[in-house]
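Here is the structure we will look at.
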Amino acid sequence: MTDNRNTILAVILSGLVLIAWQYFYNVPQMEKQRVEQQKQAELQKPSAAPATPGATPGSTTPQPGTTPSAAPGAPASTVVVPRDTAIAATQRIKIESPKISGSISLKGARLDDVALTQYRETVDPKSPAIVLFSPSQTASPYYAEFGWVPAAGSQLRLPDQNTVWTQEGSNPLTPTSPVVLKYDNNEGLTFKRTISIDERYLFTVKDEVNNVGTVPATLYPFALISRHGTPEVSGYYILHEGLIGYLGEQGLQEYPYKKIDDAKQVEFNVTNAWLGITDKYWASALLPDTTAKLKARFSSNLVGKNRTYQTDYLGEAQTIPIGGSTSTNARLFAGAKEAGVVGINFPLVGLGGYNKQLGLNHFDLLIDWGWFYFITKPMFLALDYFFHMFGNFGIAILLVTVLVKLIFFPLANKSYASMAKMKSVQPQLQALKERFPDDKVKQQQEMMEIYKKEKINPIAGCLPVALQIPVFFSLYKVLFVTIEMRHAPFYGWIKDLSAPDPTTIFNLFGLIPFDPIAVFGPHIGAYLMLGVWPIIMGITMWIQMKLNPAPPDPTQKMIFDWMPLIFTFMLASFPAGLVIYWAWNNLLSVIQQSYIMRKNGVKVELFDNLKSTFAKKPQPAAEAKAESKT
Numbered sequence: 002m003t004d005n006r007n008t009i010l011a012v013i014l015s016g017l018v019l020i021a022w023q024y025f026y027n028v029p030q031m032e033k034q035r036v037e038q039q040k041q042a043e044l045q046k047p048s049a050a051p052a053t054p055g056a057t058p059g060s061t062t063p064q065p066g067t068t069p070s071a072a073p074g075a076p077a078s079t080v081v082v083p084r085d086t087a088i089a090a091t092q093r094i095k096i097e098s099p100k101i102s103g104s105i106s107l108k109g110a111r112l113d114d115v116a117l118t119q120y121r122e123t124v125d126p127k128s129p130a131i132v133l134f135s136p137s138q139t140a141s142p143y144y145a146e147f148g149w150v151p152a153a154g155s156q157l158r159l160p161d162q163n164t165v166w167t168q169e170g171s172n173p174l175t176p177t178s179p180v181v182l183k184y185d186n187n188e189g190l191t192f193k194r195t196i197s198i199d200e201r202y203l204f205t206v207k208d209e210v211n212n213v214g215t216v217p218a219t220l221y222p223f224a225l226i227s228r229h230g231t232p233e234v235s236g237y238y239i240l241h242e243g244l245i246g247y248l249g250e251q252g253l254q255e256y257p258y259k260k261i262d263d264a265k266q267v268e269f270n271v272t273n274a275w276l277g278i279t280d281k282y283w284a285s286a287l288l289p290d291t292t293a294k295l296k297a298r299f300s301s302n303l304v305g306k307n308r309t310y311q312t313d314y315l316g317e318a319q320t321i322p323i324g325g326s327t328s329t330n331a332r333l334f335a336g337a338k339e340a341g342v343v344g345i346n347f348p349l350v351g352l353g354g355y356n357k358q359l360g361l362n363h364f365d366l367l368i369d370w371g372w373f374y375f376i377t378k379p380m381f382l383a384l385d386y387f388f389h390m391f392g393n394f395g396i397a398i399l400l401v402t403v404l405v406k407l408i409f410f411p412l413a414n415k416s417y418a419s420m421a422k423m424k425s426v427q428p429q430l431q432a433l434k435e436r437f438p439d440d441k442v443k444q445q446q447e448m449m450e451i452y453k454k455e456k457i458n459p460i461a462g463c464l465p466v467a468l469q470i471p472v473f474f475s476l477y478k479v480l481f482v483t484i485e486m487r488h489a490p491f492y493g494w495i496k497d498l499s500a501p502d503p504t505t506i507f508n509l510f511g512l513i514p515f516d517p518i519a520v521f522g523p524h525i526g527a528y529l530m531l532g533v534w535p536i537i538m539g540i541t542m543w544i545q546m547k548l549n550p551a552p553p554d555p556t557q558k559m560i561f562d563w564m565p566l567i568f569t570f571m572l573a574s575f576p577a578g579l580v581i582y583w584a585w586n587n588l589l590s591v592i593q594q595s596y597i598m599r600k601n602g603v604k605v606e607l608f609d610n611l612k613s614t615f616a617k618k619p620q621p622a623a624e625a626k627a628e629s630k631t
């Protein structure tokens with residue numbers, strides 16, 4: 002009766018774990034993906050519906066000595082227009098570079114049209130390119146702006162978001178041909194802006210001012226990144242999305258959207274800083290001169306019913322004498338958070354990128370390596386090394402797993418050796434149960450004596466699993482946050498190692514037209530999304546457990562028996578690369594443990610244990626005798 006009660010309890014607990022996992026993890030993520038797909042579909046449709054207040058943001062007239070902020074709102078008649086329509090509404094300079102396409106608006110000289118041509122919305126190479134920046138009047142304005150603000154009390158007329166600049170020449174912006182813009186305020190100040198772009202994601206903006214007037218002029222250089230509307234985020238605690246910056250001695254500052262909404266505004270007086278807005282894979286960041294003294298700011302403003310988020314900085318005052326001139330330099334990163342481009346700092350090895358090239362202050366932290374960066378970064382570097390050697394991140398995961406196995410080989414050997422000894426003393430442990438059938442305390446005492454005599458560590462079996470935890474976490478982090486893993490294929494049906502296995506056993510792995518989520522909804526259908534690789538992982542985990550001696554406690558035995566099935570369903574919603582790692586690691590563990598057991602003179606009873614699992618269990622003597630009488 003007790004065994005039956007323990008069995009029922011184990012089954013109930015296993016079911017509760019599975020239900021909780023699906024409810025709190027898998028279902029919400031699928032719902033987010035569905036909403037995002039609907040949102041992308043809507044953005045492709047022209048719309049003439051009235052926008053909510055603030056849909057056409059801009060910059061207000063700058064306050065004296067302060068950075069411009071978002072406008073308080075747009076007229077009620079303002080409408081949201083398709084992105085292509087908004088782009089076509091103003092004169093523009095085309096951007097042509099290997100990784101970026103887009104344009105610069107001559108109105109305001111804004112960088113408000115940037116698409117990342119090497120990245121697509123889906124694994125289909127024909128799907129639309131990732132859009133980073135979009136102009137005003139679109140559904141999600143996002144742009145960078147540079148310029149000057151006057152000193153307190155000054156009535157100087159300076160270029161703003163409504164100023165129409167004039168281009169010198171007619172060439173597009175390319176890595177080999179910068180563009181030059183000019184503006185004359187007709188009050189003695191002439192402005193010249195030179196915009197350059199490299200072959201990756203870096204814009205350089207040089208502003209020059211000449212004073213041909215009759216009085217000196219004092220100006221403050223500024224730069225800002227503005228984003229309108231709260232964007233969809235992944236919602237994971239292990240990933241920061243929102244406002245970010247490394248602000249001199251104040252170090253890394255991260256403000257998720259909710260946090261800056263509550264704070265409204267935070268300011269920092271800094272030197273050697275950078276700041277911007279980051280998504281999971283994409284980011285924009287202002288990269289001022291590392292020696293410049295700045296007043297940096299993060300802010301969130303309510304514009305109508307929508308939020309406007311901004312990161313900006315204000316430089317020191319520059320006074321231009323009569324007949325004199327001044328200049329300032331600014332830089333903008335707008336692109337994908339590639340480790341080799343952003344930079345990665347790690348002792349002895351690492352990728353320089355902009356962090357090293359520009360002498361920036363921890364720009365590598367634009368990628369959220371997490372608290373355990375000392376594990377995550379080496380994991381990425383190893384995967385990246387093997388990827389460049391073999392051209393496939395799936396192969397890289399398999400090779401890194403072997404490498405990790407070799408590193409932990411001595412520790413794992415001790416663990417498996419202890420487990421082999423434990424298996425060898427099973428007859429003695431069984432004899433204890435027969436000698437003291439009703440005295441559990443005496444059984445435990447005698448058992449510990451046997452362990453002590455044979456130098457067996459009873460918890461040694463936990464070590465292989467414990468060693469996997471940091472590796473598992475670091476690989477999960479790498480798969481989740483690094484863009485190199487996004488849409489990285491393996492072989493066969495795995496087109497994206499950072500996404501779950503797309504197959505399911507309940508439609509015969511795609512042979513029949515049946516979608517569990519579409520038929521049963523996300524709350525029930527999520528349980529049926531069980532792909533090929535999760536099943537392989539579950540089988541290898543089950544085989545590995547059959548190598549180990551069964552726990553003496555019936556409840557523990559039942560939990561261990563159900564664990565492979567529970568993990569199969571749990572890991573079905575994890576990135577395919579992680580499931581492949583776990584399955585491959587299980588297989589290597591089986592080989593390693595079998596070798597060590599043979600080395601220690603212990604019979605490998607894997608096939609016997611597998612056979613006994615499916616064999617008909619003998620009836621107890623009392624039940625057999627009762628049946629014979631009937």
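For any residue, its number in my numbering is found by taking its place in the sequence shown, counting from 1, and adding 1.
We put the CB at the ideal spot given by N, CA and C, even for glycine.
Please read these numbers as outputs of a predicted model, since none were measured by experiment.
Open item on the list: I need the DSSP call for residue 95, collapsed to helix, strand or coil.
Closed with: strand
Open item on the list: Please return the same chain residues whose Cβ sits closer than 7 Å to the Cβ of residue 377, not counting the five positions on each side in sequence.
Closed with: 370, 371, 475, 478, 479
- [ ] Please name the residue or residues paired with residue 269 in a DSSP beta bridge.
- [x] 297
Task: Helix, strand or coil at residue 187 according to DSSP, with G and I counted as helix - done: coil
TODO: Could you spell out the range, first to last residue, of the beta strand (DSSP E) harbouring residue 147?
DONE: 143-151
Task: residue 85 versus residue 194: straight-line alpha-carbon distance, rounded - done: 26 Å
TODO: Using the Cα positions of residue 273 and residue 335, report the straight-line distance between them to the nearest angstrom.
DONE: 19 Å
Open item on the list: Considering just the uninterrupted stretch of the beta strand (DSSP E) at residue 229, what are its terminal residues?
Closed with: 218-229
- [ ] Express the C-alpha separation of residue 298 and residue 54 in angstroms, rounding to a whole number.
- [x] Residue confidence for residue 54 is low, a pLDDT of 29 falling below 50, so the modelled location carries little weight; the figure read from the coordinates is stated next. Between residue 54 and residue 298, the C-alpha separation is close to 24 Å.
Task: Nearest candidate by alpha-carbon position, reference residue 146, set 172, 105, 119, 152 - done: 105
Task: Given residue 123 as reference, the closest of 406, 489, 394 once Cα atoms are compared - done: 489
Open item on the list: Considering only their Cβ atoms, is the gap separating residue 181 from residue 168 smaller than 8 Å?
Closed with: yes
Open item on the list: Can you tell me where the alpha helix (DSSP H) holding residue 431 begins and where it ends?
Closed with: 427-436
- [ ] Tell whether a beta-carbon distance below 8 Å holds between residue 501 and residue 561.
- [x] no
Task: residue 596 to residue 409 span [Cα, whole Å] - done: 16 Å
- [ ] Leaving aside the five residues before and after residue 290 along the sequence, list all residues of the same chain whose C-beta is less than 7 Å from its C-beta, in chain order.
- [x] 330
Task: residue 335 - containing beta strand (DSSP E), residue span - done: 326-337
Task: At least 3 beta-carbon pairs within less than 8 Å: the segment 272-286 vs the segment 233-248 - done: yes
TODO: Quick one: using the 10 Å Cβ neighbour count with 16 as the cut-off for buried, is residue 236 buried or exposed?
DONE: exposed
- [ ] Please go through the same chain and pick out, in chain order, the residues whose beta-carbon is closer than 6 Å to the beta-carbon of residue 111, but skip the five residues on each side of it.
- [x] 144, 146
- [ ] Kindly confirm or deny that the segment 295-315 and the segment 392-404 touch, where touching means at least three C-beta pairs closer than 8 Å.
- [x] no
Open item on the list: Below 7 Å, is the gap between the Cβ of residue 438 and the nearest heavy atom of the ligand FMN?
Closed with: Because no ligand of any kind appears in the structure shown, any question about the ligand FMN cannot be addressed here.
- [ ] Just tell me which of 301, 189, 136 has its CA closest to the CA of residue 157.
- [x] 189
Open item on the list: Comparing C-alpha positions only, which one of 286, 361, 250, 318 sits nearest to residue 155?
Closed with: 318
Task: residue 165 burial status per 10 Å Cβ neighbour count (16 or more: buried) - done: exposed
TODO: With a 10 Å radius around its C-beta and 16 neighbouring C-beta atoms as the bar for buried, classify residue 101 as buried or exposed.
DONE: buried
Open item on the list: The alpha helix (DSSP H) that contains residue 517, what's its start and end?
Closed with: 517-521
Open item on the list: Along the chain, where does the alpha helix (DSSP H) containing residue 583 start, and where does it finish?
Closed with: 577-600
Open item on the list: DSSP three-state label for residue 284, please.
Closed with: strand
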